[in-house]
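Shown next, in structure tokens, is the structure this report addresses.
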Amino acid sequence: MIRVQPDPPLPVINMASNMKKELGFVGLGRMGLNMATRLVEQGYRVVGLDHDQAALAAAKQAGIETVATYEDMVGALSPDRLVWMMIPSKFVDTALEELTPLLNPGDTIIDGGNSFYQDSLRRHESLKTVDISFLDTGTSGGVTGARHGASLMVGGDTTVFATHEHIYQALATNNGYALVGGAGAGHFVKMIHNGIEYGMMGAIAEGFTVLHEHTDQFNLDLQQVMKPYENESIISSKLISWLSKAYQEGQVDLITGEVPTGETESEMEHITTIGDVKVLSAALTQRQETRTKPSYIGKLIAAMRNQFGGHSVIQDK
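Under the working numbering, the first residue of the sequence shown carries the number 958, and numbering increases by one thereafter.
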């Protein structure tokens, strides 16, 4: 189950009156649908594409114009097109192979998924040869962030970013986006963010496992423990809040102690080759060991991942 929060007020966007409030949106899954819906609510015309018919049906209900092909999408958008891709990283090259020949010089593609930064560097260079702009964008905040205001880390040309900054302002939480550097920087910064996240989740899971192991000795109520931890303590965070929600819903007891392999795990292995990251290395090993020796730590990490991103869990039998 995913935590649902009340809708906060949408940001006021003060941009030039002639800004173009339309874009194509490829990928209408958990994250993409919420982001596209947020844009529609702010007056954007969004032309969406997804291969899943259920996703297209949900998009239509949200006011998103849906199309069946890349040709239809490109045809529905006026020149100087913007297309945002929110798809798994393993499908990005295939999508670009289909989409790019249909675009014109001056069009722009944004990759908001979890692409590897070296792939983004290559895509910047490849698209530059056909005069198509590219912005690599790391997106954080989970499914609720996608709906209510995400954290967006952008890499690319400053002029291209300035042209499309209103999109980032519309999608991000207050002060939650930035052009963090040049080509590849958005996905590089997001990769490091994910590494920090691995370490934080691992530490939280270890701590609560020790608490769990001492419940009888101290008559501990872990849901009550969450109250001071979650509210104004030094470790208060969304991760603590999501774990609290998992306990409240009884989710921890329903899943096995195994953390499934995630989309970013190969990137975490890459970070261990470019920096001194002892905490990340330990967190990575911690997750991998749950696949041969399921543990309470694995239960907690899997529960947090499911709460913020809808990531799959393995149900306890």
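By construction, the Cβ of each residue, glycine as well, lies at the ideal position given by its N, Cα and C atoms.
query = Excluding sequence positions up to five away, which residues of its chain have a Cβ less than 8 Å from the Cβ of Val1146?
reply = Gly1095, Met1110, Gly1112, Val1137, Gly1138
ask   = Any idea which residues DSSP pairs Tyr1134 with across the strands?
value = Leu1109
query = Can you check whether the CB of Gly984 is closer than 8 Å to the CB of Met1030?
reply = No; because the gap between Cβ atoms is not below 8 Å, this pair is not in contact.
request  = Note down, one range per segment and in chain order, each alpha helix (DSSP H) of at least 4 residues found wholly within the region 1075 to 1127.
outcome  = 1099 to 1105
ask   = Is the region 1071 to 1079 touching the region 1013 to 1028 in the sense that three or more CB pairs, one from each, lie closer than 8 Å?
value = no
task = Flag Gly1113 as yes if its beta-carbon sits less than 8 Å from any beta-carbon of chain C, otherwise no.
result = In the displayed structure, chain C is absent; only one protein chain is listed.
request  = Please name the residue in Phe1165, Gln1245, Gln1181, Asp1009 whose C-alpha comes closest to that of Met1225.
outcome  = Gln1245
Top-ranked residue by Cα proximity to Gln1243, from Met1158, Val1209, Ile1192 = Met1158
Same chain only: Cβ atoms within 6 Å of Val969, ignoring 5 sequence neighbours per side = Since pLDDT at Val969 reaches only 44, below the 50 mark, its modelled position is unreliable, and the value read off the structure follows with that caveat. Closer than 6 Å at Cβ, skipping near neighbours: no residue.
task = For Ile1191, name the three-state secondary structure that DSSP assigns.
result = Here Ile1191 sits in coil by DSSP.
ask   = Expressed to the nearest angstrom, what Euclidean distance is found between the alpha-carbon atoms of Val1236 and Met1148?
value = 15 Å
message = I need the DSSP call for Ile959, collapsed to helix, strand or coil.
response = Since pLDDT at Ile959 reaches only 39, below the 50 mark, its modelled position is unreliable, and the value read off the structure follows with that caveat. If DSSP states are grouped into helix, strand and coil, Ile959 belongs with coil.
request  = Taking Ser1035 as the reference, give the member of Asn991, Phe1048, Met988, Lys977 with the closest Cα.
outcome  = Put simply, of Asn991, Phe1048, Met988, Lys977 the residue whose alpha carbon is nearest the alpha carbon of Ser1035 is Lys977.
task = Please say whether Val1209 and Ala1160 have beta carbons closer to each other than 8 Å?
result = no
Residue closest to Asp1037, alpha-carbon to alpha-carbon, out of Lys1047, Gly981, Glu1054 = Gly981
inquiry  = Quick check on DSSP: helix, strand or coil for Phe982?
reply    = strand
query = Under a three-way DSSP split, which group does Ala1160 fall into?
reply = It is helical.
ask   = Out of curiosity, what's the CA-to-CA distance linking Gly1032 and Ile1067?
value = 18 Å
ask   = On the three-state DSSP scale, how would you describe Lys977?
value = In this structure, Lys977 counts as coil in the three-state DSSP scheme.
key: Residue of Pro1251, Phe1048, Thr1086, Pro1045 minimising C-alpha distance to Val1060   = The residue asked about is misnamed: residue 1060 is Leu in this sequence, not Val. Of the listed residues, the one whose Cα sits closest to Leu1060 is Thr1086.
ask   = Per DSSP, Gly1000 forms a beta bridge with which residues?
value = DSSP lists no partner for Gly1000.
task = Using the DSSP secondary-structure output, state which residues sit across from Glu1022 in a beta bridge.
result = Beta bridge pairing from DSSP links Glu1022 with Val1004.
key: DSSP bridge partner residues for Gln1272 (one or two, in chain order)   = Ile1212
message = Once the 5 residues before and after His1268 are set aside, which same chain residues still bring their CB inside 6 Å of it?
response = Arg1262
inquiry  = Rounded to the nearest angstrom, what separates Gln1180 and Arg995 at their Cα positions?
reply    = Gln1180 and Arg995: Cα-Cα distance of roughly 33 Å.
task = Measure from the alpha carbon of Ala1140 to the alpha carbon of each residue in Gly1133, Ala1119, Ile1153, Phe1091, then state which is nearest.
result = Per the Cα distances, Phe1091.
ask   = Given a threshold of 16 other Cβ atoms within 10 Å of its Cβ, counted over all protein chains shown, does Asp1009 qualify as buried or as exposed?
value = exposed
query = Does the beta-carbon of Ile1228 have 16 or more other beta-carbons within 10 angstroms, so that it is buried, or is it exposed?
reply = buried
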